[in-house]
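Engineer: Each residue of the sequence shown is one higher than the one before, starting from 16 at the first, in this note's numbering. We put the CB at the ideal spot given by N, CA and C, even for glycine. Nothing here was measured: the structure is a model prediction, and the numbers come from that model. Before anything else, here's the structure in question.
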Amino acid sequence: MMKTAAKLLDDYLLRFRTPEEAAALFAEDGALELPYLADLGMPVRYVGREEIAGLLTRLLELVPDWMFRDREIVIDTPDRVMAEYKVDALTAGTRRPFRQHFFGYAIAANGQITLLREALNIVETARAFFPNGLADLLPAPIIEEQNKTLVLDALDTLFNKKDFDKAKQLWSDLYIQHSRHVPAEREGLFGLVRSMPDIRFEYDMAIAKDEFVWVHSRYTTSSAPAALIAVDIFRIEDGKIAEHWDVLQDEATRDESAGGYPMFGDAFPNAR
Numbered sequence: 016m017m018k019t020a021a022k023l024l025d026d027y028l029l030r031f032r033t034p035e036e037a038a039a040l041f042a043e044d045g046a047l048e049l050p051y052l053a054d055l056g057m058p059v060r061y062v063g064r065e066e067i068a069g070l071l072t073r074l075l076e077l078v079p080d081w082m083f084r085d086r087e088i089v090i091d092t093p094d095r096v097m098a099e100y101k102v103d104a105l106t107a108g109t110r111r112p113f114r115q116h117f118f119g120y121a122i123a124a125n126g127q128i129t130l131l132r133e134a135l136n137i138v139e140t141a142r143a144f145f146p147n148g149l150a151d152l153l154p155a156p157i158i159e160e161q162n163k164t165l166v167l168d169a170l171d172t173l174f175n176k177k178d179f180d181k182a183k184q185l186w187s188d189l190y191i192q193h194s195r196h197v198p199a200e201r202e203g204l205f206g207l208v209r210s211m212p213d214i215r216f217e218y219d220m221a222i223a224k225d226e227f228v229w230v231h232s233r234y235t236t237s238s239a240p241a242a243l244i245a246v247d248i249f250r251i252e253d254g255k256i257a258e259h260w261d262v263l264q265d266e267a268t269r270d271e272s273a274g275g276y277p278m279f280g281d282a283f284p285n286a287r
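Right, here's the structure in full:
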């Protein structure tokens, strides 16, 4: 009796870790298709046992502990099967989790797979394999605008709203601080803000490029006679503020200004 589509799919999932054996389940001109790989800039169709074995070998290099589990049949006829199955392993390159819920549709003829078409979660794939996760899939202007929005929201959340719980979600727990005036790491920054309960942040310019955001800002507090005008530079990683540099000056009044123009906005502060 020739193997059904369901039996062939089960054998494929079981033998995946031995690419030549898994590829041998396909007809000579059988195909493995993963249409969503197009979003990653990869070929989506692999035809013939040699190409299929080559793809599986490459996938095992990327995820050495790749093993399918939790297979559930959704549709089952002798020559067609649709099933769901999962993978949960670490990638070799980033050491991030690769968690996937696959949907597979297989067609069989003469006891061989003629087509296996699989769908996977491209967002989770990007997070697992790419250095910047999903950001590496989106056009630069979109990412840069998102980074700028993140930074401005983070500064308002921390300095104006004093919402430290939310701020923890916006600053990396590995935050690097390059400022002369601000203590090291995320808790150093948060501790400084806690020590100045009336500190306020405002900005008049923000620019983003690649993973960096520059903000021209003003910080005021009753404990300082003059506001601080800053150019803050932030580096974003994995959707959080990961690193910070700044250049700071006391805000000049009209009498103190050598250049004759305000340092922030279009008006000088009141004389001190």
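Along the chain, which unbroken stretches of the alpha helix (DSSP H) at least 4 residues long are found entirely within the stretch 127-187?
Structural biologist: Runs found: 137-144, 155-170 and 179-185.
Engineer: Relative to the alpha-carbon of residue 192, which residue among 21, 183 and 203 has its alpha-carbon at the smallest distance?
Structural biologist: Checking every option, the nearest Cα to that of residue 192 belongs to 203.
Engineer: Between which two residues does the alpha helix (DSSP H) containing residue 92 stretch?
Structural biologist: Not the alpha helix (DSSP H): residue 92 falls in the beta strand (DSSP E), residues 84-92.
Engineer: Rounded to whole angstroms, what's the CA-CA distance from residue 173 to residue 119? Just pull it up for me.
Structural biologist: In a straight line, the C-alpha of residue 173 is about 46 Å away from that of residue 119.
Engineer: Please confirm whether residue 212 has its beta-carbon closer than 8 Å to some beta-carbon of chain B.
Structural biologist: No chain B appears in the structure shown, which is made up of a single protein chain.
Engineer: From what residue to what residue does the alpha helix (DSSP H) around residue 203 run?
Structural biologist: First-last of the alpha helix (DSSP H) with residue 203: 200-209.
Engineer: Mind listing, in chain order, the continuous alpha helix (DSSP H) runs of no fewer than 4 residues lying wholly within the stretch 27-104?
Structural biologist: Whole alpha helix (DSSP H) segments, 4+ residues: 34-38 and 64-77.
Engineer: Between which residues of its own chain and residue 23 is the CB-CB distance below 6 Å, once the five residues before and five after are set aside?
Structural biologist: Answer for residue 23: 40, 123 and 128, listed in chain order.
Engineer: Taking 8 Å as the cut-off, decide whether the C-beta atoms of residue 162 and residue 222 are in contact.
Structural biologist: The answer is no: Cβ separation not under 8 Å.
Engineer: Just to check my reading of the structure: residue 137 and residue 55 have Cβ atoms closer than 8 Å, yes? What is that Cβ distance to the nearest angstrom?
Structural biologist: Confirmed, Cβ separation roughly 7 Å.
Engineer: What residue range is occupied by the uninterrupted beta strand (DSSP E) comprising residue 123?
Structural biologist: Its beta strand (DSSP E) spans residues 112-124.
Engineer: Hey, residue 100 and residue 189: beta-carbon distance below 8 Å or not?
Structural biologist: No. Outside cutoff.
Engineer: At what residues does the beta strand (DSSP E) containing residue 220 begin and finish?
Structural biologist: From DSSP, the beta strand (DSSP E) with residue 220 extends over 215-224.
Engineer: Do you know offhand how far residue 248's Cα is from residue 260's?
Structural biologist: Cα to Cα, the separation comes out at about 5 Å.
Engineer: Might you give, ordered along the chain, the residues of its own chain that have their beta carbon closer than 6 Å to the beta carbon of residue 226, omitting 5 neighbours on each side?
Structural biologist: Once the five neighbours on either side are set aside, the close Cβ partners of residue 226 are 250 and 251.
Engineer: Is it buried or exposed, residue 282, if we count other Cβ atoms within 10 angstroms and call 16 or more buried?
Structural biologist: Exposed is the call here.
Engineer: Take the Cβ of residue 67 as the centre, count every other Cβ of all protein chains shown within 10 Å, and call the residue buried at 16 or more, exposed below.
Structural biologist: Residue 67 is buried by the Cβ-count criterion.
Engineer: In the structure shown, what three-state DSSP assignment does residue 255 receive?
Structural biologist: In this structure, residue 255 counts as strand in the three-state DSSP scheme.
Engineer: Alpha carbon to alpha carbon, how far is residue 180 from residue 47?
Structural biologist: Distance between the alpha carbons of residue 180 and residue 47: 47 Å.
Engineer: Determine whether the beta carbon atoms of residue 266 and residue 244 lie at a separation below 8 Å.
Structural biologist: Contact: yes.
Engineer: Run the CB neighbour count on residue 230, radius 10 Å, all protein chains shown included, and call it buried at 16 or more, exposed below.
Structural biologist: Buried is the call here.
Engineer: Kindly give me the distance between the Cβ atoms of residue 134 and residue 112, rounded to whole angstroms, as I take these residues to be in contact under 8 Å.
Structural biologist: Actually they are not in contact, since the Cβ atoms of residue 134 and residue 112 sit about 19 Å apart, beyond 8 Å.
Engineer: Residue range of the beta strand (DSSP E) that residue 235 falls in?
Structural biologist: Segment 227-235, the beta strand (DSSP E) holding residue 235.
Engineer: Taking Cβ positions, are residue 82 and residue 102 nearer each other than 8 Å?
Structural biologist: Taking 8 Å as the Cβ cut-off, residue 82 and residue 102 qualify as a contacting pair.
Engineer: For the putative contact between residue 21 and residue 85, defined by C-beta atoms under 8 Å, what is the C-beta separation to the nearest angstrom?
Structural biologist: Rounded, the Cβ-Cβ distance is 15 Å, inconsistent with contact.
Engineer: Determine the closest residue to residue 115 out of 109, 255 and 140, with distance taken between C-alpha atoms.
Structural biologist: Residue 115 has its Cα closest to that of 140, out of 109, 255 and 140.
Engineer: Where does residue 25 fall in DSSP's three states?
Structural biologist: In this structure, residue 25 counts as helix in the three-state DSSP scheme.
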